[in-house]
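Note sheet for the following structure.
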Ligand SMILES: CC(C)(COP(=O)(O)OP(=O)(O)OC[C@H]1O[C@@H](n2cnc3c(N)ncnc32)[C@H](O)[C@@H]1OP(=O)(O)O)[C@@H](O)C(=O)NCCC(=O)NCCS
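Residue numbers (the working numbering): 39 to 180.
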């Protein structure tokens with residue numbers, strides 16, 4: 039754990055306006071606080087990183103509790119990136135999902151970050167996107 043930070047594994051006490059702002063600052067879609075709250079509260083695993091009372095990072099995963107899981111919304115405030123916090127979030131979640139397949143789509147340009155954490159590219163990855171046109175434009179699908 040990088041010095042001066044703490045990790046929180048529940049949604050209790052989370053300020054979802056602050057969370058929505060964090061995810062917006064990391065350019066991970068633009069959902070409002072109510073929608074972010076629904077997503078994080080509906081997830082099997084959440085991880086939040088704080089420096090004192092400031093929310094500086096987050097991540098969440100869905101799991102069937104047996105062998106399949108998916109990772110979403112991994113983000114670190116821009117000013118706090120490059121300090122090992124992204125690694126902390128992903129490793130914390132993956133440790134809890136040990137023994138399960140964990141799939142996700144990396145943001146364009148962030149593939150090498152996940153490769154450093156032992157993740158492999160999927161050669162048959164398929165998605166039924168909410169907005170296929172937008173995802174094509176952003177480089178997630180050909
Ligand atoms: C991707 C993100 C979570 C990484 O968080 P971070 O705290 O900056 O990453 P860390 O400091 O933990 O980096 C861990 C390792 O990955 C490397 N790394 C980080 N970002 C990288 C990138 N874009 N490309 C290659 N390597 C990267 C670091 O150099 C570090 O390497 P090291 O362990 O050998 O020193 C952060 O950049 C972010 O929030 N980006 C915007 C949101 C986003 O794209 N999230 C991913 C959604 S799939």
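Cβ coordinates follow ideal geometry from the N, Cα and C atoms, glycine included.
Quiz prompt | Helix, strand or coil at residue 123 according to DSSP, with G and I counted as helix | solution = DSSP places residue 123 in the helix class (H, G or I) of the three-state scheme.
Practice problem: Leaving aside the five residues before and after residue 124 along the sequence, list all residues of the same chain whose C-beta is less than 6 Å from its C-beta, in chain order. | Solution: Setting aside the 5 residues that flank it on each side, residue 124 is surrounded in the same chain by 114, each with a C-beta closer than 6 Å to its C-beta; the list follows chain order.
Quiz item: Which residue spans inside the stretch 60–125 form an unbroken alpha helix (DSSP H) run of at least 4?
Solution: Runs of the alpha helix (DSSP H) inside the stretch 60–125: 71–79.
Quiz item: For residue 47 versus residue 58, is the C-beta spacing smaller than 8 Å?
Solution: Cβ atoms of residue 47 and residue 58: not closer than 8 Å.
Exercise. Sort 131, 138, 51 by Cα distance to residue 92 and report the nearest one.
Key: With distances taken between Cα atoms, residue 92 lies closest to 51.
Exercise. Tell me, please, whether the stretch 122–140 touches the stretch 160–180 by the rule of three or more beta-carbon pairs shorter than 8 Å.
Key: Contact fails: fewer than three Cβ-Cβ distances are below 8 Å.
Quiz item: Between the beta-carbon of residue 146 and the beta-carbon of residue 103, is there less than 8 Å?
Solution: Their beta carbons are not under 8 Å apart, which means residue 146 does not touch residue 103 by this criterion.
Practice problem: Please find out if some non-hydrogen atom of ligand 1 comes closer than 7 Å to the beta-carbon of residue 114. | Solution: Under cutoff, so the answer is yes.
Practice problem: Look up residue 174 in the DSSP assignment and say whether it is helix, strand or coil. | Solution: Under the three-state reduction of DSSP output, residue 174 falls in the helix class.
Quiz item: Out of curiosity, what's the CA-to-CA distance linking residue 121 and residue 95?
Solution: Straight through space, the alpha carbons of residue 95 and residue 121 are spaced by roughly 11 Å.
Quiz item: DSSP state of residue 131, grouped into three classes?
Solution: Here residue 131 sits in helix by DSSP.
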